[in-house]
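Worksheet for the structure shown next.
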Amino acid sequence: MAERLADHDATYERNGQTEEHPGFLRRYVFSTDHKIIGIQYILTGLLMAVVGSLLAVMIRLQLGWPTHQWGLLGRLFPTGMSSGIMTPEFYLALVTMHGTIMVFFFISYVLVSGFGNYLIPLQVGARDMAYPFLNMLSYWVALVSALVMLASFFVAGGAAAAGWTAYPPLSAVWNAVPGSAWGQTFWLLAMALFIASMTMSGLNFVATIFSLRAQGMAMMRMPLTVWSYFISAIMALLAFPPLTAAAVMLLFDRHFGTSFFLPSGLVVSGQVLPNQGGSPLLWQHLFWFLGHPEVYVLILPALGIANDVLPVFTRKPKSGYRIQVYCLIAVGVLGMVVWGHHMFVSGMSPFSGEYFSVATLTITLPMAIFGVNMMASLWGGTLRLTTPMLFALGTIGFFGTGGIGGLFLGNATADMQLHDTYFVVGHFHFMIAGVTLLGTFTAIYFWFPKMFGRFMNEALGKAHFWLTFVPFFTVFFMQHFLGLQGMPRRYYAFSTYEFLKPTTGQNVIISIAALILTGGQLVFLANFCWSLLKGRSAEANPWHATTLEWTVPSPPPHGNFGHVLPVVHRWPYEYSVEGCAADHTPQTVSPRDVPVTA
Amino acid sequence: MTKPISTPVPWPHPRADLESARRDDLVQLGVWMFLGTVVMLFAAFTSAYIIRRGASDWTPIALPWILWANTAVLVASSLAIERGRRAMGSEDGEASARRGVSAAAGLGLLFLAGQTSAWRQLVDRGVYLPTSPHSSFFFVLTGTHAVHVAAGLLLVICAAARMARVGGRTDRAAPRRLVTAAATFWHFLAALWLYVMALVTVF
Numbered sequence: 001m002a003e004r005l006a007d008h009d010a011t012y013e014r015n016g017q018t019e020e021h022p023g024f025l026r027r028y029v030f031s032t033d034h035k036i037i038g039i040q041y042i043l044t045g046l047l048m049a050v051v052g053s054l055l056a057v058m059i060r061l062q063l064g065w066p067t068h069q070w071g072l073l074g075r076l077f078p079t080g081m082s083s084g085i086m087t088p089e090f091y092l093a094l095v096t097m098h099g100t101i102m103v104f105f106f107i108s109y110v111l112v113s114g115f116g117n118y119l120i121p122l123q124v125g126a127r128d129m130a131y132p133f134l135n136m137l138s139y140w141v142a143l144v145s146a147l148v149m150l151a152s153f154f155v156a157g158g159a160a161a162a163g164w165t166a167y168p169p170l171s172a173v174w175n176a177v178p179g180s181a182w183g184q185t186f187w188l189l190a191m192a193l194f195i196a197s198m199t200m201s202g203l204n205f206v207a208t209i210f211s212l213r214a215q216g217m218a219m220m221r222m223p224l225t226v227w228s229y230f231i232s233a234i235m236a237l238l239a240f241p242p243l244t245a246a247a248v249m250l251l252f253d254r255h256f257g258t259s260f261f262l263p264s265g266l267v268v269s270g271q272v273l274p275n276q277g278g279s280p281l282l283w284q285h286l287f288w289f290l291g292h293p294e295v296y297v298l299i300l301p302a303l304g305i306a307n308d309v310l311p312v313f314t315r316k317p318k319s320g321y322r323i324q325v326y327c328l329i330a331v332g333v334l335g336m337v338v339w340g341h342h343m344f345v346s347g348m349s350p351f352s353g354e355y356f357s358v359a360t361l362t363i364t365l366p367m368a369i370f371g372v373n374m375m376a377s378l379w380g381g382t383l384r385l386t387t388p389m390l391f392a393l394g395t396i397g398f399f400g401t402g403g404i405g406g407l408f409l410g411n412a413t414a415d416m417q418l419h420d421t422y423f424v425v426g427h428f429h430f431m432i433a434g435v436t437l438l439g440t441f442t443a444i445y446f447w448f449p450k451m452f453g454r455f456m457n458e459a460l461g462k463a464h465f466w467l468t469f470v471p472f473f474t475v476f477f478m479q480h481f482l483g484l485q486g487m488p489r490r491y492y493a494f495s496t497y498e499f500l501k502p503t504t505g506q507n508v509i510i511s512i513a514a515l516i517l518t519g520g521q522l523v524f525l526a527n528f529c530w531s532l533l534k535g536r537s538a539e540a541n542p543w544h545a546t547t548l549e550w551t552v553p554s555p556p557p558h559g560n561f562g563h564v565l566p567v568v569h570r571w572p573y574e575y576s577v578e579g580c581a582a583d584h585t586p587q588t589v590s591p592r593d594v595p596v597t598a
Numbered sequence: 001m002t003k004p005i006s007t008p009v010p011w012p013h014p015r016a017d018l019e020s021a022r023r024d025d026l027v028q029l030g031v032w033m034f035l036g037t038v039v040m041l042f043a044a045f046t047s048a049y050i051i052r053r054g055a056s057d058w059t060p061i062a063l064p065w066i067l068w069a070n071t072a073v074l075v076a077s078s079l080a081i082e083r084g085r086r087a088m089g090s091e092d093g094e095a096s097a098r099r100g101v102s103a104a105a106g107l108g109l110l111f112l113a114g115q116t117s118a119w120r121q122l123v124d125r126g127v128y129l130p131t132s133p134h135s136s137f138f139f140v141l142t143g144t145h146a147v148h149v150a151a152g153l154l155l156v157i158c159a160a161a162r163m164a165r166v167g168g169r170t171d172r173a174a175p176r177r178l179v180t181a182a183a184t185f186w187h188f189l190a191a192l193w194l195y196v197m198a199l200v201t202v203f
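Okay, structure coming up:
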């Protein structure tokens, strides 16, 4: 040990710059500290979530009460809702922006970039990310991207209206709908910036996990949170660039008259377009090559986090750690090659359809093993139902419920019937919205004491859980049945369709549940702000957990680990070791003091 | 926020305890991963190209001869930076290393000038972006490549400047890292150009 310290000191000295004395701006604004950048991402993402939720409220007001005149909204949106009634074009813009903001600017920022940045160096035992400057740059590009996306609400024609998938021709023809004008261009630019920012984050995630692990932190000793970020970052690096290529080509189609995605003989507002030979299907392939892996980029960290929170509140070792790791890898590989299941009705060859079906259903295997293993982690444990534990359990619940819907949609034959109905809306909200949302809240409640040195309020936290879980389940479980009744998505009203008359009451119930869900989030915002200032103060390891971030003060100092980096001796789930007085053994405890079990 | 972060204690430098060799590896790892994303970008363009190639309106355009000269220039540039990088290791190779990297930068600039000339020749002949799918892809592919070359050129120029600044100092780790990174990127861009040329001329 003494020898190692001496070695370490020698390097520390030889490198010369051992410390920095930055001012306020470099500390908190243009900071290269991964923790500050993580918090910046989280706060930015939460603000975007407020915008995204308000859009959802307007969508639900419209679908629940399509003929009601909303006087106040009419005054706020004189073009989209003149005299308080929503226009179909405005509805499309709302749906597009709700999806885009929630997927790319809320979940990606808070869960992936935010907590990824905050947790990875702390959990692998590094002082910072591998490329701190790149990391700072990634946040500022992300912020600009979010601002460009928000600015698109205020340009002529309003925000983009071609769906979060931006399918051409709607997204490629300037005068297709009002949102196809500047709104769509801003959308594409914001997405290009988003991808640039995620690429920089992804490079940092992979490099940090790959080469900055502390001594003794073998890959198979990393917490599942880190594993999930690792797989998710690799998927992001491989899957995102193709959309940049597609965005470039779409911008050229829109502004420079090329025909990458525009077919011959397209008639828009009575005029034949000059384009010929392009393929709208090409966009769908390129988009879903990003779009499907993006689902895993978001959902894997949520699952990883839930996996890591379970042992803390059951006080027993994680069940099937290695299997979970192999499942993550399998899902990462399979997740890259199933994008076609979003396009079963696009006229693809039945042979491709068959392949995409089989590959998609194959993902069920590792994911089912993963889910069962999470439940097995509860077996025989001493459950402590704290707020983060409730959210982690909720994550498993949504994962199971949403996963069942996936079985129907992954099957090409069933999907022909269900495609573009509310069954799909219900399914993907459980997965990409529900699992990730609950995973995000698990992370916030669990690591809030580490990040800010204070606890969040437990009573408010539990109220928030029930006000999230129950209404969320109501909304999206019911939407599956709307889909089975044939209710198509992206329609601004259903009052004119005779066969959908029976769904009127269901839509009202869903809207009421959605309003309760949104209201419940106010409890969270209040709790977050109040706890930041007045919360009960937290010690270094308030949950009695074992991973490295809990061995340092709350909040951790810059450089995370003081003068000497930690040495890891064991896996991250050493709870209730036989013959040991404490019921948890941090990863840094030497095998001389407590035997290593795995 | 709370106490510990706000007290103005000095920050330990994030890499204070990283061995020099590990820092080299870290930079190379970053470069290679970035190249991976560029490969995916061009893979997407290629798949689009193949699909679009099948449409009935595909009419090939005649490509300007200067592209072949540009190809030679970029390959020469790649060889020059490799010479420079190898000279860095040897005892008295400083000057020859500087010459190699500077030559690479000059040839890179020449390549970009040559590409601009190729685009202008096409435009003078009346071949624009929307003229045919082949011309659309030609401009998009060469344009995207040129953007990457411009970024690579910036890196090569930085490396050349850094070497000039080091002079007789003993610490050569930082400039060596920069030159190695620049050379990796630069070789990749030359290889990528050969690929793009093959795609737009042969296929």
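As given, the protein sequences belong to chains B and R, one line each in that order.
All residue numbers for the first sequence refer to the numbering used here, where the first residue is 1 and numbers rise by one.
All residue numbers for the second sequence refer to the numbering used here, where the first residue is 1 and numbers rise by one.
C-beta atoms are modelled at their ideal positions from N, C-alpha and C, and glycine is treated no differently.
Tell me the DSSP secondary structure of residue i in three-state form.
i, result
"serine 357(B)", "helix"
"tyrosine 575(B)", "strand"
"histidine 584(B)", "strand"
"arginine 536(B)", "coil"
"valine 567(B)", "strand"
"proline 168(B)", "coil"
"glutamine 485(B)", "coil"
"arginine 454(B)", "strand"
"threonine 180(R)", "helix"
"glutamine 284(B)", "helix"
"threonine 421(B)", "strand"
"glutamine 215(B)", "strand"
"aspartate 24(R)", "helix"
"glycine 157(B)", "coil"
"proline 293(B)", "helix"
"glycine 402(B)", "helix"
"histidine 464(B)", "helix"
Looking only at its own chain, which residues have a Cβ that is under 8 Å from the Cβ of residue i, when we skip the five neighbours before and after it?
i, result
"threonine 144(R)", "Leu41, Phe42 and Phe45"
"aspartate 253(B)", "Pro168, Ala172, Ser259, Phe260, Phe261, Leu262, Asn275 and Gly278"
Using the beta-carbon of each residue, which ones in chain B are nearer than 7 Å to residue i?
i, result
"alanine 230(R)", "Residue 230(R) lies beyond the stretch modelled for chain R, which goes from 1 to 203, so this question has no answer here."
"valine 140(R)", "Val248, Met249 and Phe252"
In whole angstroms, what separates the C-alpha of residue i from that of residue j?
i, j, result
"methionine 33(R)", "alanine 233(B)", "11 Å"
"glycine 320(B)", "tyrosine 326(B)", "10 Å"
"serine 279(B)", "leucine 262(B)", "6 Å"
"glycine 410(B)", "phenylalanine 477(B)", "18 Å"
"alanine 182(R)", "proline 301(B)", "34 Å"
"methionine 1(R)", "glycine 270(B)", "The pLDDT assigned to methionine 1(R) is 40, lower than 50, so where the model puts this residue is not dependable; a value taken from the coordinates is nonetheless given after this. Their backbone Cα atoms lie some 60 Å apart in a straight line."
"methionine 487(B)", "glycine 505(B)", "13 Å"
"proline 132(B)", "tyrosine 575(B)", "34 Å"
"methionine 97(B)", "leucine 418(B)", "24 Å"
Excluding sequence positions up to five away, which residues of its chain have a Cβ less than 6 Å from the Cβ of residue i?
i, result
"phenylalanine 448(B)", "Met456"
"proline 178(B)", "Glu89, Gly157 and Gly158"
"serine 96(R)", "Ala87"
"phenylalanine 104(B)", "Phe194"
"tryptophan 543(B)", "Val312"
"glycine 116(B)", "Phe205 and Tyr229"
"lysine 3(R)", "The predicted model places lysine 3(R) with a pLDDT of 42, which falls under 50 and marks its position as unreliable; any figure quoted below should be read in that light. If we look at lysine 3(R) and ignore the five residues flanking it on each side, it has no Cβ neighbours."
"valine 309(B)", "Pro388, Ala392, Thr442 and Phe446"
Using a cut-off of 9 Å between C-beta atoms, extract the partners of residue i located in chain R.
i, result
"proline 132(B)", "Pro14 and Arg15"
Under 7 Å Cβ to Cβ from residue i, same chain only, skipping five residues before and after it: list those, please.
i, result
"serine 31(B)", "Ile37 and Met136"
"phenylalanine 472(B)", "Gly434 and Leu517"
"glutamine 40(B)", "Tyr139"
"proline 64(R)", "Ala118, Gln121 and Leu122"
Name the chain R residues whose beta carbon is nearer than 7 Å to that of residue i?
i, result
"glutamine 276(B)", "Asp57"
"aspartate 128(B)", "Pro14"
"valine 206(B)", "Met33"
Anything in chain B within Cβ reach of residue i, meaning under 8 Å, just list it in chain order.
i, result
"glycine 36(R)", "Leu237 and Leu238"
Worksheet entry | Runs of beta strand (DSSP E) wholly within the stretch 241-277 of chain B (minimum 3 residues, chain order) | Runs found: none.
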